[in-house]
Structure formats: C-alpha cells, structure tokens
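S.K.: Here the protein sequences line up with chains A and B, keeping their order.
full-length UniProt numbering applies: residue 1 is where the first sequence begins, and numbers increase by one.
full-length UniProt numbering applies: residue 1 is where the second sequence begins, and numbers increase by one.
By construction, the Cβ of each residue, glycine as well, lies at the ideal position given by its N, Cα and C atoms.
2 protein chains.
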Amino acid sequence: MSAPATFLDKLFDQGLLYDSGVDGLYGRSAVFEDVISRFEQLALNLGKDEISEAMVFPPGMPVPDFKTSGYMKNFPQLAGTVHSFCGNDHDHMGLIQCMAAGEDWTANQKITDIALTPAACYPLYPILARRGKLPEEGAYVALQSYCFRHEPSKEPTRMQMFRQREYVRVGTQEQTIAFRETWKQRGVEIMELLQLPHEVDVANDPFFGRAGRMMGVSQREQELKFEMLVPVNDGAGPTACMSFNYHMDNFGKAWGITLADGTPAHTACVGFGLERLALALFRHHGLDTAQWPEGVRKALWG
Amino acid sequence: MSAPATFLDKLFDQGLLYDSGVDGLYGRSAVFEDVISRFEQLALNLGKDEISEAMVFPPGMPVPDFKTSGYMKNFPQLAGTVHSFCGNDHDHMGLIQCMAAGEDWTANQKITDIALTPAACYPLYPILARRGKLPEEGAYVALQSYCFRHEPSKEPTRMQMFRQREYVRVGTQEQTIAFRETWKQRGVEIMELLQLPHEVDVANDPFFGRAGRMMGVSQREQELKFEMLVPVNDGAGPTACMSFNYHMDNFGKAWGITLADGTPAHTACVGFGLERLALALFRHHGLDTAQWPEGVRKALWG
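1) Does the beta carbon of E174 (chain A) sit closer than 8 Å to a beta carbon anywhere in chain B?
2) Which residues of the segment 274 to 290 of chain B have a Cβ closer than 8 Å to any Cβ of chain A? Give them in chain order.
3) In whole angstroms, what is the alpha-carbon distance linking P123 (chain B) and K253 (chain B)?
4) Over the uninterrupted alpha helix (DSSP H) stretch that includes M99 (chain A), give me the two end residues.
5) Drop a sphere of 10 angstroms on the beta-carbon of T263 (chain B), count the other beta-carbons inside from all chains shown, and report buried for 16 or more, exposed for fewer.
6) Assign H284 (chain B) to one of three DSSP states: helix, strand, or coil.
7) Name the chain B residues whose beta carbon is nearer than 9 Å to that of S52 (chain A)?
8) When the Cα atoms are used, what is the spatial distance from L194 (chain A) to L277 (chain A)?
9) Can you check whether the C-beta of L25 (chain B) is within less than 8 Å of a C-beta belonging to chain A?
10) How would you list, in chain order, the residues of chain A whose beta-carbon sits under 7 Å from the beta-carbon of N150 (chain B)?
11) Between the segment 65 to 74 of chain B and the segment 172 to 183 of chain A, do at least 3 Cβ pairs fall closer than 8 Å?
12) Going by CA-CA distance only, name the one from A:E199, A:V63 and A:F208 that's closest to V22 (chain B).
13) Can you tell me which of the three DSSP states L300 (chain B) falls into?
14) Show which residues of chain B have a CB atom less than 8 Å away from the CB atom of I96 (chain A).
15) Note down, one range per segment and in chain order, each alpha helix (DSSP H) of at least 4 residues found wholly within the segment 15 to 50 of chain B.
16) Counting beta carbon pairs with one atom in the segment 89 to 101 of chain B and one in the segment 33 to 43 of chain B, are three or more of them shorter than 8 Å?
17) Quick one: which residues of the segment 7 to 34 of chain B get their C-beta closer than 7 Å to a C-beta of chain A? List them in chain order.
18) How many angstroms separate the CA atom of Q291 (chain B) from the CA atom of V230 (chain B)?
19) Using a Cβ cut-off of 8 Å (strictly closer), state whether I127 (chain A) contacts chain B.
20) Closest Cβ-Cβ distance between residue 307 (chain A) and chain B: below 8 Å?
21) For H92 (chain B), decide whether its Cβ has a neighbour in chain A, counting only Cβ atoms nearer than 8 Å.
22) Can you give me the C-alpha to C-alpha distance between E189 (chain A) and L274 (chain A), rounded to a whole angstrom?
23) Give the interface partners of L116 (chain B) over in chain A, defined as CB-CB distance under 7 Å, in chain order.
24) Contact criterion: CB-CB distance below 8 Å. Does T106 (chain A) meet it with respect to chain B?
25) With 7 Å as the limit, tell me which residues of the segment 208 to 235 of chain A have their beta carbon closer than that to any beta carbon of chain B; keep them in chain order.
26) Can you tell me which of the three DSSP states S52 (chain B) falls into?
27) Identify the contact partners of G302 (chain B) in chain A, using a Cβ-Cβ distance below 9 Å as the criterion.
28) For C147 (chain B) versus R163 (chain B), is the C-beta spacing smaller than 8 Å?
29) Tell me which same chain residues have a C-beta within less than 8 Å of the C-beta of S20 (chain B), skipping the five on either side of it?
30) Flag this pair as yes or no: are the beta carbons of residue 385 (chain A) and M161 (chain B) separated by less than 8 Å?
31) When you compare the CB of G187 (chain B) with every CB in chain A, is at least one pair closer than 8 Å?
32) Just to confirm before moving on: does the CB-CB distance between A119 (chain A) and G47 (chain A) stay below 8 Å?
33) Roughly how many angstroms lie between the CA atoms of L116 (chain B) and D261 (chain A), to the nearest whole one?
34) So, with DSSP's three-state summary, where would you put M215 (chain A)?
35) By the criterion of Cβ-Cβ separation under 8 Å, what are the contact partners of G60 (chain A) in chain B?
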C-alpha cells in the first residue's frame, strides 16, 4: 500500500506546481500565477492612497549592501551569494574535465557583486540613504521581489525561491509603529475576506547559532515581529503567511537613513508571502479555483 | 562642463529605474513594470490558441540540469551559481572576523543545488524529459523567468538580472522550424504595432574562448539563431530584443526528450527580452508613457 498523497504531491498532480527535482524549487502554473497576481492587486489597492512610491526589484542585491544588512551575521545559513567563473581558457579546460569526471568543478567560481535578496525591503534602504535626509512625512513604499533562503524542505510553503510583496514605512518611531498596527488590522481583514483560518502571534527570526538564540528571545520580548499564521502543510504547525515587523532604528543606523532632524530613521515593514498565501487558498478552498467560495472569488477576481 | 546625460542617467532621473550601485542591477518603477506586463499580455495573446501549457519559473534551476545544458562548457563567463554558508558556530565567527577586517569571507560559501537560470526555457526541458515520450502534436509552452548573466555593463539593455518571456516548441524538425518562421513574422508584426525601428538578422551566441569562436561561426552558417535588432543605447550597435532559435535535436539528445517514435525531439524557442523591449519603447517614444503614440498605447493598454 502506498502512502497517502501529500499536499505537495497533489499540487504536482494537479499541475499547479512543477517539480524540478530540488526541494523548494518549483515551476508555477498559469493558474497559480493568476492567484498570486490577483492577491497582489488586492494588497496594492489597500495601500494605494498612502504610498509615496512603488518599486519592483530583481532577485539580487549588491554584496556591500548585503554585508551592511547584517544578514551574514544573523542568518548565514539562509543566505545565497552569486558566484561566477573567473578564469582563462586553461582554467576552463580544467573545469570541463572536473565536471566530466564528476569531481568538484567550482574552484574558479568566485563571488560576484551580487547576493540573492533575502527579504524584499533590503534593496530599498540603501536607495533611501543615498537620497539624503527624509522629508517630514517620511517614506511609504510598496515593493516586490523574489527572495532566496537556503532551506530545502518538502513543506510546499518553505520554498527556496519565493516572492514577497511588502509595504515599508520609514520615518519616526510614531509613524512606523502606527503603520505596523494599521497593517496588522488590515492583515486580519484580508484573511477574513479570503475566508482563511488565521491567528496573529508574536514571533522571532531564525537567528544562527548559540548567540542567535538570545537574539530571538530578545526580539520576542520586545514584540518586534508578529506573524499571520495559517495552517497549510500536512501535520506541521501553521505557516507565517504575513509578517509585521518593527526594526526600531537598527536599519536607519546601519545604512545611514536620517530623518529631517538628523536622527536615524525608524523602519517597519509588512511582508506578504505570495506563494504561501496562494498555497493557503488552495489548501482551504480546493485545487480548482472555479470552485472557491463566491466571496473569495469576488475578493480576488472582482 | 559636464558630460551630456546618458540614456541610463535619464532613466534614473525620471525614476523609471533605480540605481543599486552595481552595473546592470536596477530596481524597476511601477510604470516600468506596467509596460512590461502590458507587453507580456500582447505577446501571450498572440500564442494563446496554440499553447499546450503555460509556466513561470523561479530565477534558479537545479545544478544537475544546468550541467546537462552545457552552459558551463559554452558560456562559463556568464553563468551564476548560488553558494551558501556551510559551517558551524566556529566557522561563523571566522566569517564575521574576516568581514569586519575587509578580508575574503567566502571560504565557507559552498555551491548549493541551485544555479541561476541563464535562459527561461532551460528548466522546461528536464520536466518534459521526465514525462516520457511526447504526444504526436509535441509540446508548445509559454514561459517566463528571471535570468542571470554575469556581464556588468553601463548599457541599460545589458542587465545582469532580467526577464525573458518565451514560447518553446518541442516536436519534429518540421514542427519546430515552422514554429520559428511563424514567430519571426509575428515578431515583425509586434514591432510594427509598437512603431519601433527593427531589423531581423542572423546571429550567434557569445561562446567562450578560442574553441567557442568556431562554434559561433558554425551557428551562423547553419542559421540557427536570428535576432530582432533595435537601436536603443547611446552610440553602441543595435540591441537584440527578441531571438528566434532552432536547437536542432541538441537539447532533445542532451536531456533525453523523445518523440512518439523514440527519436530525439527537436526544439525551438522565441525569446522576448522584456526589459529590453520596455527600454526600446522608452527610447523611441519618450520617458512619459502618456505621450506615446496613440497606436502604441492602444496596442499595449487596449
């Protein structure tokens, strides 16, 4: 007797995702993409009167800015750097021979200027810093990017390459905390509109190593991170489909983003895990979007 | 006297692209993205009655399939592999110290299972191969993917991370050659609709090294690759905004894709360089889309 099909198996069988042979790396069908773009439109409409700017980033960011972010300090296990062949004809012959012999062929792969973006808002901060002091009203930016996290998994919600849509608020402590509270409420409204079971809870990022555990505890105690949790995977705990983050003035200090009065800016962001939200919808409303509840279809397709 | 602003400067000044500090790595504005998605819709409509399937891929593909593609043999200088930290707490302390001292910190960055996708159709072939023999009618797939090529440049059309939309035909020699001819014609029709100066010419890929030069010559002689050329950049030659490629049965053999009769499949693809097409439109019709010719606006926005 074969094991019952997992949720991931069903997504492959239905042709919603395409298996690549690498866990967490999947092609998306046209139907899956349509759900994502409809959700993006819904989320974009909610903030359209407030944003100062909208940007879409490519999947990579400059290595110097990536270093400034502290990501290699806090989450080195998840980070991805882009390496390219830097050799001559002779080195290339060696590479081909190693590859043919099944040996390590990566000796001449050297780091480029590009790291894969770990969170959609990271490329924004250096852009704001280069503009000089923020205006009184701060910045309120809508973003989207492919992100990378090196954590191969059979849980369909834990992809290695996935998209985040974000709103980012940069300004005073009051502005950024108010922003985060507004979006926690809007997040709940979105989940009710989409008829998905949900719960908002305090959370922490997966900081690396022994020292990292203390940082996670501190992040929870200060209530810097909240997540919108939805049961999606077989058996496992619920999945964070949105997150609501207040970074205090950490990023303002790291990148040198300053308020009109010259003090470091505070930042906050709300992130929507686009693939995770699509998967939550398929999990709870079925694999055929035509059969989804009328209210959900109306919210997405109008 | 300062030098006259380049096309790239103007794109930054107008807020259509955002500079990251790395050549060929730019954020896109909402307006830039809208032009891209409108062009995609135009291109998708042209093939909608013919396709058997539509897929969107993440920006990476499995390393084993990447090796099978021969890309490291032919274009090692352009390829990007994804590397992650594979160490313990102690190694991590070393990494942080190297980074702080401005030394090389990449000793523990090891290759993952993922390479950045060099062309949108590469992740498709292994998926087709795993399905077994093709049906009589072959396959006709619409695709989209972010692609990576390591070629930093000040030419705005030569981005390191960019998107390709493709149609791929997999089948007999007759099917694939007929497909390519149809799309060469449709490519011209699209350029006329968009009122862009254009020329179709035979071309070759930038094969690496001395041996590579011979391959380029052979590819031209066999007329395997045509490009849709449009003047876009300051001074430099015209830019390939579309390409029309016939791979013979090379990919069919490499990945083991077989026809119903058991022989290796032939493949052909048409690729649209989405950022390049958007840049061509901005170059020729101006930086304000509201001022574009009425026929162009109608073709894109309906």
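M.R.: Once the coordinates are examined:
1) Residue numbering aside, residue 174 (chain A) sits at position 174 when the first sequence is read from its first letter. At a cut-off of 8 Å between C-beta atoms, E174 (chain A) does not count as an interface residue with respect to chain B.
2) none
3) The residue given as residue 123 (chain B) occupies position 123 in the second sequence. The residue given as residue 253 (chain B) occupies position 253 in the second sequence. Cα to Cα, P123 (chain B) sits roughly 15 Å from K253 (chain B).
4) By one-based count along the first sequence, residue 99 (chain A) stands at place 99. Segment D89 to A100, the alpha helix (DSSP H) holding M99 (chain A).
5) Reading the second sequence from its first residue, position 263 is the one you call residue 263 (chain B). That one is exposed.
6) Walking along the second sequence from the start, residue 284 (chain B) turns up at place 284. DSSP, reduced to helix, strand and coil, places H284 (chain B) within a helical segment of the structure shown.
7) As a position in the first sequence, residue 52 (chain A) is number 52, starting the count at 1. Within chain B, no residue comes near S52 (chain A); the closest Cβ sits about 11 Å away, beyond 9 Å.
8) Within the first sequence, the letter at position 194 stands for residue 194 (chain A). Within the first sequence, the letter at position 277 stands for residue 277 (chain A). Using only the alpha carbons, I get a separation of about 10 Å.
9) Here residue 25 (chain B) is taken as the residue at index 25 of the second sequence, counted from 1. So yes, L25 (chain B) belongs to the interface.
10) Working through the second sequence from its first residue, we reach residue 150 (chain B) at position 150. Rather than Asn, the amino acid found at residue 150 (chain B) in this sequence is His. Neighbours of H150 (chain B) on chain A, chain order: S84 and T112.
11) Flag = no, the segment 65 to 74 of chain B and the segment 172 to 183 of chain A do not touch.
12) Translated into positions along the second sequence, residue 22 (chain B) becomes position 22. Of the listed residues, the one whose Cα sits closest to V22 (chain B) is A:V63.
13) Within the second sequence, numbered from 1, the residue matching residue 300 (chain B) stands at position 300. Helix, per DSSP.
14) Taking the first sequence and counting its residues from 1, one reaches residue 96 (chain A) at position 96. Result: M72 and K73.
15) Taken in chain order, the complete alpha helix (DSSP H) segments of 4 residues or longer contained in the segment 15 to 50 of chain B are 30 to 47.
16) no
17) Y18, S20, G21, V22, L25, G27, R28, S29, A30 and E33
18) Residue numbering aside, residue 291 (chain B) sits at position 291 when the second sequence is read from its first letter. Residue numbering aside, residue 230 (chain B) sits at position 230 when the second sequence is read from its first letter. Distance between the alpha carbons of Q291 (chain B) and V230 (chain B): 21 Å.
19) Counted from its first residue, the first sequence places residue 127 (chain A) at position 127. Yes, because at least one Cβ of chain B sits closer than 8 Å to the Cβ of I127 (chain A).
20) The question about residue 307 (chain A) has no answer, for chain A in this structure spans 1 to 302.
21) Counting from one through the second sequence, the residue named residue 92 (chain B) turns up at place 92. For H92 (chain B), the answer is yes, since a Cβ of chain A falls inside 8 Å of its Cβ.
22) Mapped onto the first sequence, residue 189 (chain A) falls at position 189. Mapped onto the first sequence, residue 274 (chain A) falls at position 274. Roughly 17 Å between the two C-alpha positions.
23) Position 116 of the second sequence holds residue 116 (chain B). Under the 7 Å cutoff, chain A gives V82.
24) As a position in the first sequence, residue 106 (chain A) is number 106, starting the count at 1. Answer yes: the Cβ-Cβ gap between T106 (chain A) and chain B drops below 8 Å somewhere.
25) F208, G209 and R210
26) Looking up residue 52 (chain B) in the second sequence gives position 52. The answer is coil: DSSP assigns S52 (chain B) none of H, G, I, E or B.
27) For the purposes of this step, residue 302 (chain B) is taken as residue 302 along the second sequence, with counting starting at 1. For a Cβ distance threshold of 9 Å, nothing in chain A lies close to G302 (chain B): the least Cβ distance comes to about 17 Å.
28) Here residue 147 (chain B) refers to the residue found at position 147 of the second sequence. Here residue 163 (chain B) refers to the residue found at position 163 of the second sequence. Yes.
29) For the purposes of this step, residue 20 (chain B) is taken as residue 20 along the second sequence, with counting starting at 1. Around S20 (chain B): Y26 and G27.
30) Residue coverage of chain A in this structure runs from 1 to 302, which leaves residue 385 (chain A) outside it and unanswerable.
31) In the second sequence, the residue the question calls residue 187 (chain B) occupies position 187. It does not; no Cβ of chain A falls within 8 Å.
32) As a first step, residue 119 (chain A) is located in the first sequence; it is residue number 119 there, counting from the start. As a first step, residue 47 (chain A) is located in the first sequence; it is residue number 47 there, counting from the start. Not a contact, by the Cβ cut-off of 8 Å.
33) The residue labelled residue 116 (chain B) in the question sits at position 116 within the second sequence. The residue labelled residue 261 (chain A) in the question sits at position 261 within the first sequence. L116 (chain B) and D261 (chain A): Cα-Cα distance of roughly 43 Å.
34) For the purposes of this step, residue 215 (chain A) is taken as residue 215 along the first sequence, with counting starting at 1. Helix, per DSSP.
35) Position 60 of the first sequence, counting from 1, holds the residue named residue 60 (chain A). Going along chain B in sequence order, the residues near G60 (chain A) (Cβ under 8 Å) are L25, F148, Q160 and M161.
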